[in-house]
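Okay, structure first, notes after.
Residue numbers (mature numbering (1 follows the signal peptide of the UniProt record, and there is no 0)): -29 to -1, 1 to 203.
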């Protein structure tokens, strides 16, 4: 029960993102040119710069000649990079009581929603998802860490942990194509809110005590990467 409110909030956040995107699609669709002057292109992309710990897959759908909607799904197969950010880099912050092994074996899922505005388009014709763009991104992630067994006073106990992440990014990039291949380098700034949950046991003067703790960490982030993809 202690995690249910956060899961409910994550679902509501994702639902709100979808509502915002649907509203934007409806509003901008009124601004489109007559049929025959613009064809809505669709692009699928991956982000090789994040493959060290997760697989990011994106679908970009053109809405108008200047605006597109980008949705992404993230499969997390290890949370080891966060081990350095949360426990190895020390600038006076509190550290979650989660072991290295739990970080390494962390698994999770994430979702992203973004509207992309092409400020300076470099292509003419039926499909124009190319050029310099500005893109605000909202995302949510959930990471589950494996249980870890500890032995205290001759008995064995299982410690558990998980993490919720919510964030906002502002990206500036320049997308271009070579045939059907998409190149999408970007830079940006963002902020993310990480909430760690952990259920641990400890020996307190000969008595085993259980504790349910939560650690909230809000930090800025620098975004730098490259997406590669294909035009469908």
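Even for Gly, the Cβ is constructed at its ideal location relative to N, Cα and C. Fair warning: this is a prediction, and the values are worked out from it, not measured in the lab.
8 Å Cβ shell around residue i - same chain, five flanking residues per side excluded
i, result
"residue 80", "44, 45, 46, 47, 112 and 113"
"residue 172", "121, 123, 128, 130, 179, 180, 181 and 182"
"residue 5", "With a pLDDT of only 47 at residue 5, under 50, the local geometry of the prediction cannot be trusted, and the value read off the model is given with reservation. The answer is none, since no qualifying residue turns up."
"residue 126", "179"
Range of the contiguous alpha helix (DSSP H) that encloses residue i
i, result
"residue 72", "71 to 75"
"residue 53", "51 to 54"
Own chain, CB closer than 7 Å to residue i, minus 5 neighbours either side, in chain order
i, result
"residue 202", "12, 14, 148, 151 and 153"
"residue 73", "116, 117, 119 and 132"
"residue 195", "158"
Contact belief for residue i with residue j at Cβ below 8 Å, rounded distance in angstroms
i, j, result
"residue 118", "residue 133", "Going by Cβ atoms, the distance from residue 118 to residue 133 rounds to 11 Å, so no, they are not a contact pair."
"residue 24", "residue 52", "5 Å"
"residue 199", "residue 28", "With 8 Å as the limit, residue 199 and residue 28 do not qualify as a contact, their Cβ atoms being about 11 Å apart."
"residue 42", "residue 84", "6 Å"
"residue 167", "residue 186", "4 Å"
Chain-order list of residues whose beta-carbon lies under 6 Å from that of residue i (same chain, five-residue window excluded)
i, result
"residue 7", "In this predicted model, residue 7 has a pLDDT of only 47, less than 50, meaning its place in the structure is not dependable enough to derive any value."
"residue 100", "12, 33 and 39"
"residue 146", "101 and 155"
"residue 89", "37, 102 and 104"
"residue 184", "169"
"residue -1", "Low local confidence applies: a pLDDT of 46 at residue -1 is under 50, so the model's placement there is unreliable, and no value is given."
"residue 50", "74, 77 and 114"
"residue 177", "none"
"residue 174", "123"
"residue 26", "46"
"residue 197", "20 and 156"
N-terminal and C-terminal residue of the beta strand (DSSP E) that residue i is part of
i, result
"residue 62", "Per DSSP, residue 62 belongs to no beta strand (DSSP E) and is neither H nor E."
"residue 20", "Looking at the DSSP string, residue 20 is not in any beta strand (DSSP E), and its letter there is neither H nor E."
"residue 157", "152 to 175"
"residue 93", "Per DSSP, residue 93 belongs to no beta strand (DSSP E) and is neither H nor E."
"residue 126", "126 to 149"
"residue 181", "178 to 202"
"residue 35", "Looking at the DSSP string, residue 35 is not in any beta strand (DSSP E), and its letter there is neither H nor E."
"residue 102", "102 to 123"
Residue from the options whose Cα sits closest to the Cα of residue i
i, options, result
"residue 104", "17, 37 and 166", "37"
"residue 109", "125, 89, 49 and 136", "136"
"residue 86", "35, 22, 21 and 158", "35"
"residue 92", "77, 55 and 144", "144"
"residue 31", "77, 71 and 106", "106"
"residue 70", "54, 21 and 142", "54"
Cutoff 7 Å: residue i Cβ touching any chain B Cβ
i, result
"residue 148", "Protein chain content of the structure displayed is limited to a single chain, and chain B is not contained in it."
Any non-hydrogen atom of the ligand MN closer than 6 Å to residue i Cβ
i, result
"residue 136", "Absence of the ligand MN from the depicted structure is noted, as is the absence of any ligand whatsoever, leaving it without description."
**Study point:** Contact the stretch 190 to 198 vs the stretch 156 to 164: 3+ CB pairs below 8 Å
**Key:** yes
Check your understanding: Does the stretch 55 to 69 come close enough to the stretch 9 to 19 to have 3 or more Cβ pairs within less than 8 Å?
Key -> no
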